[in-house]
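To start, the structure itself, in C-alpha cells.
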Amino acid sequence: MFESEGIMQENIRLLIVDDSMTIRQAIERNLKEFPLEVVGSAGDGRTALELFKTTKPDVVTLDITMPEMDGITVLEEMMKINKNVKIMVITALKDKATGLRAIQLGARSYLIKPFTSEKLKAAFGRMMGNN
Amino acid sequence: MNETDLHFFIDSTVNYFEEITGERAVTGIPYLKGKEPVVLDYSGIIGISGKRKGCIYITTTKEMLKSLASIILDDNEATLETVKDLTGEIANTISGNVREAYGSSFMISVPVVVEGRAKDIRLPEQVQAFVIPITWQENKSFLVVCLE
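Sequences listed follow chains A and B, in order.
Residues in the first sequence are numbered from 861 upward in steps of one, following this note's numbering.
Residues in the second sequence are numbered from 106 upward in steps of one, following this note's numbering.
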C-alpha cells in the first residue's frame with residue numbers, strides 16, 4: 861500500500877513508453893523502490909495510446925521521438941482521455957521549446973536523457989509528491 | 106559545418122558517457138571522411154531534417170555496447186537485441202541533446218541500426234562528413250556527422 865495525500869492506495873499503475881527496449885528496462889529497474897505495478901510497456905506511440913486506454917495507468921513515462929506517433933501527440937491524446945494522469949516525459953530532446961510545450965500540454969515532469977538512476981528516481985519522487 | 110558545430114557534437118558525446126558511466130570519453134581530432142568506410146560492429150543512424158539537413162551516425166564495437174549495457178541494466182549478459190537497441194539509443198541521445206544548441210528546428214528521426222562491417226553507411230552526396238573518433242574505456246567508436 862502507498863500513502864498519497866493522506867489516502868492509502870494500491871500500487872501505482874505505471875505505463876512505460878519508449879522506443880528503446882533498453883531504456884524501458886532501465887526505467888522499470890530503477891523505479892523498483894517505488895510501490896509500482898508496471899501495467900504496460902510500449903515501443904511506439906500508437907501502441908502506447910492503445911495501452912493507455914486499456915490499462916488505465918496512474919502514471920506514464922513517455923519518450924518523444926518514437927515511431928508511429930510522436931510523444932507530444934501521444935501526450936495530447938492521453939491528457940484528453942484522463943487529465944489526472946501523471947506524465948513524466950523522458951527524452952533526449954534538450955531544447956527549451958519542446959520542454960515548455962510538454963509542460964503546457966500537461967506533463968508533470970520533463971527529464972532529459974541521458975539520465976542516471978539517481979536523477980530518474982529524484983524526478984519521479986518529486987512528481988509523485990514524495991520529496 | 107564548422108568547428109562550432111563539431112564542438113556541439115563532441116560535447117554531447119562526452120556528456121553522454123560521463124552521465125551514464127561516470128567516466129569521460131575522450132574524443133580525437135575530427136577529420137573529413139574520405140572514401141574509406143567508417144563502420145564497426147553496430148551503427149546507429151539518425152536522419153536530420155528541418156533547418157539543417159543530413160545524417161549522423163555512431164558506429165561502435167559489440168564490446169563497448171556490452172560494457173555500457175552492463176552499467177545501464179546492471180546485467181553482464183546483454184543480449185544481441187539489447188546491444189543493437191543501445192546503438193540506436195546512443196545515436197538518438199547524442200543527436201537529441203544537440204538541440205540545446207540548434208533548437209527545435211533541428212529535427213531528428215527515429216534511429217536505424219545497421220549491423221556488421223560489410224558496407225559503408227551511405228551519406229548525403231555533396232555534403233561534407235566529419236568523423237569524430239571516440240575512446241571510452243579503451244573501446245573505440247566513431248561519431249560521423251554529415252550536415253549541410
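Cβ atoms here follow ideal geometry from the backbone N, Cα and C, with glycine treated the same way.
For clarity, every value in this text was computed on a predicted model and none was experimentally measured.
Contacts of residue i in chain B (Cβ-Cβ under 8 Å)
i        : result
Val889/A : Note that residue 889/A corresponds to Arg in the displayed sequence, not to Val. What Arg889/A touches in chain B: Leu178, Asp179.
Met987/A : Going along chain B, no residue has its Cβ under 8 Å from Met987/A, so there is no contact; the nearest lies around 20 Å.
Ser880/A : Asp190, Leu191, Gly193, Glu194, Asn197
Ala962/A : Residues of chain B passing the Cβ test: none, with the nearest at roughly 12 Å.
Min CB distance residue i to chain B below 8 Å
i        : result
Ile883/A : yes
Met926/A : yes
Lys892/A : no
Leu965/A : no
Asp918/A : no
Ala908/A : no
Asn991/A : Low confidence applies here, because Asn991/A scores a pLDDT of 41, under 50, leaving its location unreliable; read the following figure in that light. Not closer than 8 Å to any Cβ of chain B, the Cβ of Asn991/A fails to qualify, so no.
Ala902/A : no
Ala886/A : yes
Candidates the options: closest to residue i by CA position
i        : options                                : result
Ile139/B : Glu243/B, Gln233/B, Leu170/B           : Sequence inspection shows Gly at residue 139/B; the Ile mentioned does not correspond to that position. Answer by Cα proximity: Gln233/B.
Ile883/A : Gly193/B, Glu141/B, Tyr136/B, Gln231/B : Gly193/B
Leu875/A : Val949/A, Gly900/A, Thr925/A, Thr951/A : Gly900/A
Ala196/B : Lys245/B, Asn244/B, Val250/B           : Val250/B
Val898/A : Glu910/A, Asp879/A, Thr907/A, Asp918/A : Asp918/A
Ser209/B : Leu960/A, Ala902/A, Gln964/A           : Leu960/A
Arg873/A : Leu935/A, Val945/A, Gly989/A, Arg906/A : Val945/A
Val218/B : Asp179/B, Val144/B, Gly159/B           : Val144/B
Met926/A : Ser214/B, Thr184/B, Val131/B, Met169/B : Ser214/B
Met948/A : Leu896/A, Ala962/A, Lys954/A           : Ala962/A
Thr921/A : Arg986/A, Thr933/A, Ala967/A           : Ala967/A
Ser148/B : Glu186/B, Ile163/B, Gly155/B           : Ile163/B
Leu137/B : Lys167/B, Glu108/B, Val119/B           : Glu108/B
Ser246/B : Asp180/B, Thr132/B, Glu182/B           : Thr132/B
Ala908/A : Asp955/A, Asn871/A, Glu928/A, Glu893/A : Glu928/A
Glu893/A : Val877/A, Asp923/A, Ser880/A, Asn871/A : Asn871/A
Met169/B : Lys156/B, Arg157/B, Ala183/B           : Ala183/B
Three-state secondary structure (DSSP) of residue i
i        : result
Arg961/A : helix
Gly201/B : helix
Arg873/A : strand
Asn890/A : helix
Glu243/B : coil
Glu897/A : strand
Leu145/B : coil
Leu228/B : coil
Met212/B : strand
Ala183/B : coil
Ile924/A : coil
Glu124/B : helix
Ile237/B : strand
Ala130/B : coil
Glu253/B : coil
Asn991/A : Its pLDDT being 41, under 50, Asn991/A is placed unreliably in this model, and the value from its coordinates should be taken loosely. Three-state result, Asn991/A: coil.
Short CB-CB distance (under 8 Å) between residue i and chain A
i        : result
Tyr147/B : no
Arg222/B : no
Val215/B : yes
Ala130/B : no
Glu243/B : no
Arg157/B : no
Glu186/B : yes
Within chain B, the residues that residue i reaches when beta carbons sit closer than 7 Å
i        : result
Pro974/A : Tyr121, Glu124, Ile125, Thr198
Thr958/A : Ser209
Listed by chain order, chain A residues near residue i by CB distance under 8 Å
i        : result
Gly201/B : Thr925, Thr951, Ala952, Leu953, Lys954, Lys973
Ala174/B : Thr882
Residue i beta carbon near the ligand FMN (any heavy atom closer than 7 Å)
i        : result
Ala957/A : No copy of the ligand FMN appears in this structure; indeed no ligand is present at all.
Listed by chain order, chain A residues near residue i by CB distance under 7 Å
i        : result
Glu205/B : Lys954, Asp955
Test: residue i CB closer than 8 Å to a CB of chain D
i        : result
Asp955/A : Here the protein chains are A and B, and chain D is not one of them.
Quick one: complete alpha helix (DSSP H) runs, 4+ long, within the segment 942 to 986 of chain A?
Residue ranges of uninterrupted alpha helix (DSSP H) with 4 or more members, entirely inside the segment 942 to 986 of chain A and ordered along the chain, are 956 to 965.
Counting only runs that start and end within the segment 149 to 177 of chain B, where is the beta strand (DSSP E) found for 3 or more residues in a row?
Entirely contained in the segment 149 to 177 of chain B, the beta strand (DSSP E) runs reaching 3 residues are, in chain order, 159 to 165.
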